[in-house]
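To start, the structure under review is shown below, and the notes come after it.
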Amino acid sequence: MKVITTREIVRETKTYFELAEKERVVVKRGKKYVNLIVTDNPDDKFVNEEWINEFMNIPEEYRVNPFDISPSGDLFFADKRNLDRIDKARKGQTKRLSDDERKELFSL
0 MKVITTREIV RETKTYFELA EKERVVVKRG KKYVNLIVTD NPDDKFVNEE WINEFMNIPE
60 EYRVNPFDIS PSGDLFFADK RNLDRIDKAR KGQTKRLSDD ERKELFSL
């Protein structure tokens, strides 16, 4: 993996774009990193290993493709149980907690 600065990519853009086709190139921008990813399809989505591990921790029978619902692929939307809760809330099938119930629940 090659980590470069924003100045380096400005000076030698073509070089680093070509290098990204052969190896991983990351641009350090302040405290953040931008990965240069080469693909033939602009609609491809890329996720990291941590995301995959969290997705696989959702029981198989509840897994859904989160990108069908959320452009960011937020894992909240990868669990069918969460989607069911949202649907129930939209239909008004949820229970409002009283102040006492809320205190009891959140004081655990």
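Just so you know, we're using numbering that gives the first Met the number 0 here: the sequence shown kicks off at 0 and counts up by one. We treat Cβ as the ideally placed atom computed from N, Cα and C, and that holds for glycine. Remember, it's a predicted structure, so these values are computed and weren't measured experimentally.
Check: Leaving aside the five residues before and after residue 73 along the sequence, list all residues of the same chain whose C-beta is less than 7 angstroms from its C-beta, in chain order.; Outcome: 65
Check: For the putative contact between residue 2 and residue 25, defined by C-beta atoms under 8 angstroms, what is the C-beta separation to the nearest angstrom?; Outcome: 5 angstroms
Check: Curious, which full-length alpha helix (DSSP H) runs of at least 4 residues does the region 80-105 contain?; Outcome: 98-105
Check: In terms of DSSP beta bridges, what is residue 43 paired with?; Outcome: DSSP output for residue 43 lists no bridge partner at all.
Check: Between which two residues does the beta strand (DSSP E) harbouring residue 52 extend?; Outcome: That residue, residue 52, is in no beta strand (DSSP E); its alpha helix (DSSP H) goes 48-56.
Check: Classify residue 28 as helix, strand or coil using the three-state DSSP reduction.; Outcome: strand
Check: Taking three-plus beta-carbon pairs below 8 angstroms as touching, is the region 16-32 in contact with the region 46-60?; Outcome: no
Check: Less than 7 angstroms separating the beta-carbons of residue 102 and residue 93?; Outcome: no
Check: Residue 98 to residue 60, Cα distance in whole Å?; Outcome: 35 angstroms
Check: Between which two residues does the alpha helix (DSSP H) carrying residue 36 extend?; Outcome: Looking at the DSSP string, residue 36 is not in any alpha helix (DSSP H), and its letter there is neither H nor E.
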